[in-house]
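> Sequential numbering of the sequence shown, starting at 15, is according to the working numbering. Using N, Cα and C, we set each Cβ at its ideal position, and we do this for glycine too.
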Amino acid sequence: MATRSWDVGILGATGMVGQQLVRRLEGHPWFRLAWVAASERSEGKRYGDTPWLLGGSVPAYARDLVLDKAEPGRAPRLVFSALDAGAAGPLERAFAEAGRLVVSNARTHRLADDVPLLIPEVNAGHLDLLPTQRAARGWSGAIVTNPNCSTTFLAIVLAACRPFSPRRVIVTTFQAASGAGHPGVASWDLLGNVVPFIDGEEEKIERETRKILGTCTGRSVMPAPVAVSAQAARVPVLDGHTEAISVEFDRVPEEAELAAALGGFTGLPPEAGLPSAPARPIVHLREPDRPQPRLDALREDGMAVCVGRVRRCPVLHYKLVALGHNTIRGAAGAAILNAELLVARGWAGGGGRSWS
Ligand SMILES: NC(=O)c1ccc[n+]([C@@H]2O[C@H](COP(=O)([O-])OP(=O)(O)OC[C@H]3O[C@@H](n4cnc5c(N)ncnc54)[C@H](OP(=O)(O)O)[C@@H]3O)[C@@H](O)[C@H]2O)c1
């Protein structure tokens with residue numbers, strides 16, 4: 015649908031998520047990476063000379079970009095933020111005030127009343143908060159956020175279950191090392207071990223899920239009436255968060271009906287035409303020992319949530335296992351998809367087009 019390209023920038027371009035953004039923006043049909051920034055430690059360095067944390071090497075197209083000061087001055091209108099939560103608060107606000115559209119991975123603004131916590135397949139309508147946000151804050155730019163990685167996978171599964179009205183959910187997560195950023199958890203603490211605590215993670219999963227599935231009034235979001243109880247553990251896996259989920263419904267589906275709702279979930283109308291939208295947001299695997307992070311995290315180019323082991327639960331109604339790639343569907347890929355939605359809806363300038 016887009017007939018032009020948009021220059022984009024990345025705040026926090028040297029971190030785990032920032033690098034995944036650089037990698038996924040290579041050859042993007044709508045976006046051209048024109049600007050990168052990180053902390054003062056990185057300022058002035060050539061991007062290709064900073065340590066590359068992902069496999070392979072720094073994509074050639076980005077090597078000669080020079081890391082700028084984290085200030086809006088030279089930044090393009092559309093800026094991805096992969097900043098530390100601490101730095102994200104004041105910096106993202108400053109960029110939005112200076113007219114930038116900030117598409118953020120950080121937790122800082124996610125639960126603000128007037129900030130969309132967006133998953134295009136689940137709650138594209140929450141972009142209706144943006145006029146309120148701009149009016150209330152006097153910004154010419156705006157902030158849009160994507161959820162916590164584990165929350166994203168759970169929310170997509172629950173969105174597919176909407177026909178059966180999920181009411182109570184118990185989720186236990188097994189989260190990969192890359193979810194803690196770089197350098198993350200010390201190898202001594204993690205190798206051969208399970209750490210049953212990730213600071214703030216359980217609260218994020220419980221609160222963000224209700225906002226994402228909630229009803230947007232235009233001024234704020236009424237949280238969905240679903241109770242979520244989460245436990246989060248760090249496990250010695252590189253990429254891919256696994257989740258054991260049990261759900262109680264208002265209307266209990268037959269197993270085949272539930273499987274069809276999960277496997278058939280699309281969320282976005284085909285005419286949306288967002289380049290990063292997976293053909294199948296949920297891939298239902300039937301083998302009894304799947305999904306597994308090493309085998310399945312990169313399905314649909316890392317943008318799918320894989321589910322398996324769908325079966326009756328003797329306590330709640332059903333239980334299943336879900337898996338998502340934390341730095342792609344849970345972070346960089348999610349942010350790029352959100353930016354594509356902003357473009358498609360006309361928020362990035364240059365016209366958009368309407369579909370609901
Ligand atoms: N990793 C995941 O799976 C995941 C998933 C979802 C959301 N997130 C969120 O995404 C954000 C980035 O995560 P990450 O894992 O990529 O973290 P990370 O590897 O620790 O990277 C943090 C980035 O922020 C920059 N930074 C730190 N302090 C700064 C400051 N004061 N001013 C400007 N830049 C600053 C760092 O620059 P320097 O290199 O110069 O220090 C680096 O580029 C976090 O908010 C995280 O919670 C992460």
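Taking the alpha helix (DSSP H) that Leu92 belongs to, which residues open and close that run?
First-last for Leu92: Leu92 to Ser95, but that is the beta strand (DSSP E), not the alpha helix (DSSP H).
> Since Ala246 and Glu216 are thought to touch, with beta carbons under 8 angstroms apart, how far apart are those beta carbons, to the nearest angstrom?
That belief holds up - the Cβ atoms of Ala246 and Glu216 are roughly 5 angstroms apart, short of 8 angstroms.
> With Glu57 and Lys83 assumed to form a contact (beta carbons below 8 angstroms), what rounded beta-carbon distance in angstroms separates them?
Between Lys83 and Glu57 the Cβ distance is about 6 angstroms, and since that is below 8 angstroms, they are a contact.
> Going by C-alpha distance, which of Val36, Leu204 and Arg60 is nearest Val251?
With distances taken between Cα atoms, Val251 lies closest to Leu204.
> Please determine whether the Cβ atom of Gly29 lies at a distance below 8 angstroms from any heavy atom of ligand 1.
Result yes, Cβ under 8 angstroms from ligand 1.
> Out of Tyr75, Ala358 and Ala89, which has the shortest C-alpha to C-alpha gap to Gly287?
The residue with the shortest Cα to Cα distance from Gly287 is Ala358.
> Just checking my contact of Phe109 with Pro86 at CB under 8 angstroms: how many whole Å lie between their CB atoms?
About 5 angstroms separates the two Cβ atoms, so the contact holds.
> Would you say Thr341 touches ligand 1, meaning its beta carbon is less than 8 angstroms from a heavy atom?
Within the cutoff, so yes.
> Spatial neighbours of Leu172 within its chain, please: C-beta separation below 8 angstroms, excluding the five flanking residues on both sides.
Pro180, Val183, Thr223, Leu227, Val240 and Val261, listed in sequence order.
> Tell me the rounded alpha-carbon separation between Glu257 and Lys333.
Glu257 and Lys333: Cα-Cα distance of roughly 10 angstroms.
> Which residue marks the beginning of the alpha helix (DSSP H) containing Lys333, and which one marks its end?
Per DSSP, Lys333 belongs to no alpha helix (DSSP H); it is in the beta strand (DSSP E), Tyr332 to Gly338.
> For Ala194 and Pro177, what's the separation of their Cα atoms in angstroms?
Each residue's Cα considered, the two are about 34 angstroms apart.
> At a cut-off of 8 angstroms, is Thr223 close to ligand 1 when judged by its beta-carbon and the heavy atoms of the ligand?
No, Cβ of Thr223 sits at least 8 angstroms from all heavy atoms of ligand 1.
> Would you tell me roughly how many angstroms separate the C-alpha atoms of Thr122 and Ala293, rounded to the nearest one?
C-alpha separation (whole angstroms): 31 angstroms.
> Pop quiz: Ile219 and Ala244 are said to be a contact at Cβ under 8 angstroms. What is the actual Cβ separation, rounded to whole angstroms?
The Cβ separation is near 4 angstroms, so the contact holds.
> So, at 7 angstroms on beta carbons, what are the nonlocal neighbours of Gly316 in its own chain, with the 5 sequence-adjacent residues on each side left out?
Once the five neighbours on either side are set aside, the close Cβ partners of Gly316 are His339, Ile342, Arg343 and Gly347.
> Is Arg12 near ligand 1, judged by its Cβ being under 8 angstroms from some heavy atom?
Because the chain here runs from 15 to 370, residue 12 falls outside it and cannot be looked at.
> Per DSSP, which one or two residues make a beta bridge with Phe45?
Trp20.
> Alpha carbon to alpha carbon, how far is Leu25 from Tyr61?
The alpha-carbon atoms of Leu25 and Tyr61 are separated by roughly 13 angstroms.
> One question on the structure: do Gly232 and Asp127 come within less than 9 angstroms of each other, judged by their Cβ atoms?
It is not a contact, given that the beta carbons lie outside the stated cut-off.
> For ligand 1, any of its heavy atoms closer than 8 angstroms to the Cβ of Gly32?
Indeed, a heavy atom of ligand 1 lies less than 8 angstroms from the Cβ.
> Nearest CA to the CA of Ile157: which residue from Gly100, Val116, Ala336 and Leu337?
Cα-wise, what sits closest to Ile157 is Val116.
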